[in-house]
Structure formats: structure tokens, C-alpha cells
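Below is one structure; the comments refer to it alone.
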Amino acid sequence: QIDHFGFDENLTFQQRYLVADQHWKKDNGPILFYTGNEGDITWFCNNTGFMWDVAEELNAMLVFAEHRYYGESLPFGNESFSDSKHLNYLTSEQALADFAVLIEYLKTNITGARYSPVIAIGGSYGGMLAAWFRMKYPHVVVGALAASAPIWQFGDLVPCGTYFSIVTNDFKKSGTGCSESIRNSWNAINHLSSTDIGLQWLSNTFHLCSPLKNLQDAAILKNWLSETWINLAMVNYPYKADFLQPLPAWPVQEVCKFLKDPSLSDKLLLQNVFQAVNLYYNYSGEASCLDMYETATKNLGQLGWYYQV
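If you're matching positions, the sequence shown starts at 72 in the working numbering and goes up one per residue.
Structure follows, in C-alpha cells:
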């Protein structure tokens, strides 16, 4: 149902969900329900190892539910993002109601699942959804595991810079001089971007697909680098993975190997910064240039996410 809180019950859409029941005890065994977040659900399914690890131990069924307006779960097809009228139904409240309806459907249609306890699991925004799901639908889920869920990250509740402090600390503890090198790189970019020759040098050094032409482009470069460091901290897994990009184990430690000396000259420092970000964007060695307007896999639903935040 597209609108769970209005009066038009004829508006419906196809919601995608994935089920893995090879370890499930088919007599009301538990259901681990992934509250899908801002992207293609198959992408999250393939990168949520914890649920797969515990499924056998708990004799649990795994269900990965796709969030409306992401992946293939588009309420209005290609028109879903066309205007505010179609986007009106992209809310966390509607998504939670989708999850509740889906669980009821599964319990009704899967033999032996009628009384299966359901535990919601999610990370980041999906973790927020898992926590809210337990709060708003306690009769549907008996518990929730909310990983890295910033449910208190609102104005006047926590300092605005808390998240960035955590990111900085990841780099600080991953290599001597690493966080300081990144901090010094901002002024280095400022110095070089003040001239046309410097802008050209930056474009060439970072192998940019689109050359820098002015200070506004230089600001975009800095924003792109900032988001790169944030993403690296977010996917600093102890194993090789391809969640946002194909990356080695402990990628922050790997990039910090290039950022050991914050006292280098501007150009030498930024050459090292390029080596670091190149590991993130070109670990496979297949990229011919780096795109400042692309920081993660296309499996993330950028249109819907920008609208939500």
C-alpha cells in the first residue's frame, strides 16, 4: 500500500524482499528482519555478514526488506521522483508500516511462521529504522539490533561535530601523522588553487575526470576528499569488502601508509593524498580518472536519500 495513513487503499506497489531459510527451524523459529535502508537491498544483503553468521546458530530465517523508493521498490515506477506529489510518500513512517505489513504477510503465508518471534536488524539509517520499528510496532518485533544508528543526532542533543570527531579519531589511531596530514592538506589545496597553474597541477595530480577551473571547483574537490575520508571510516572493515568501493581489509590503515609525514611541502603532501584516495577509488586499478561527483557505488539511492535528509 502506497499510503498507510490515508484513505486511498487502491494505491499499491511491489516491494522487493529477499528470504533465506536454509537454517530456519520451520516450527516458529526466529526471523531476523533487516530493515532496508537507502539503497538496493541485494547490496545490503551481500554486505551484512553478521546476520548470515548467526542464522545457523539461531536456526533463524533471514528476511531483507527493501525500503520504498530504493532499488526496485519504486511506488510510481520511473515517475517516483518526478515531483513532490509522487515523493510525498517517501517517509520513514511509511517505510516502517511497509515492514509491519510485510511481516504479517510472511507469517500468514509461510507455513510454520505464524508465531515466529521477529527481531529487527539494521545499520546506520537502517539501524534507526530498526530502533523506531521496535518502538512503534512492539507487537510486531520482539527486539531490535541497531548498529551505528544515530538516533540522537539532532540539533541540541549532541554536538554537531561528534561524527567528524569519530572519523578523525579513526585516522589518528590508524597511523602516525595520518590525521595531521589530512588536516594540513586543506591549506595546501587553498594555496595551490589560488592560481590557474595551481588548479591545473591539482587536476593532473588527482587525475580528475573534470579539470578544476576556479575556486568553486577547488571547493568541490575539498568536499569530495572530505566525503572520501568519511566513507573510509564508515567501511573500515577488518576484511576485504566492496560495500561502497572494492577495498582491502582495514582500508584506513592502508591509506594512512601514504600519510605519515604532515610536514611535507604542499605538493609532496598532496601527491601522497592522491595515493591515499586512489586506493579508495581505484583499488581494482580499472579507473582511468577520478570523478569528483562520485563517491560511492550506484547501488545507493542518491535521489531518494537527498530528499529524505
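Backbone N, C-alpha and C define an ideal beta-carbon position, used for all residues, glycine too.
Pairwise C-alpha distance: Ile268 and Pro221: 43 Å
Sub-8 Å separation of Leu216 and Ile192 beta-carbons: yes
- request: Round the Cβ separation of Ala201 and Leu133 to the nearest angstrom and send it over; I've been treating them as touching at under 8 Å.
  value: Their Cβ separation, rounded to whole angstroms, is 14 Å, which puts Ala201 and Leu133 out of contact at 8 Å.
task: Under the assumption that Ser264 contacts Leu228 (Cβ atoms under 8 Å), give the Cβ distance between them as a whole number of angstroms.
output: Not a contact, Cβ separation roughly 36 Å.
- prompt: Between Leu283 and Leu292, is the Cβ-Cβ spacing less than 8 Å?
  reply: Yes, the Cβ-Cβ distance between Leu283 and Leu292 is below 8 Å.
query: Out of Ser274, Leu340 and Val125, which has the shortest C-alpha to C-alpha gap to Ile190?
result: Val125
query: So Glu72 and Val172 are in contact, right, with Cβ under 8 Å, and what is the actual spacing, rounded?
result: Here the sequence assigns Gln to residue 72, which means Glu is not the residue at that position. With a Cβ gap of about 7 Å, Gln72 and Val172 count as contacting.
query: Is it true that the segment 178-187 meets the segment 151-159, where meeting means three or more beta-carbon pairs spaced less than 8 Å apart?
result: no
Same chain, Cβ closer than 6 Å to Gly246, five either side skipped, listed in chain order: Cys327
task: Could you name the residues of the same chain whose beta carbon sits closer than 6 Å to that of Ser359, not counting the 5 residues immediately before and after it, in chain order?
output: none
message: Would Ser274 and Asp332 qualify as a contact pair, given that the criterion is a beta-carbon distance under 8 Å?
response: no
query: Of all the beta strand (DSSP E) runs that stay within the bounds of the segment 199-224, which reach a length of 3 or more residues?
result: Note on the segment 199-224: whole beta strand (DSSP E) runs with a minimum of 3 residues are 214-218, in chain order.
- prompt: Looking only at its own chain, which residues have a Cβ that is under 6 Å from the Cβ of Asp98, when we skip the five neighbours before and after it?
  reply: Excluding positions up to five away in sequence, the list reads Gly183.
- prompt: What residue from Pro101, Ser195 and Thr113 has the CA that sits closest to Asp313's CA?
  reply: Thr113
- prompt: According to DSSP, which residues form a beta bridge with Ser155?
  reply: Paired residue(s): none; Ser155 is not in a bridge.
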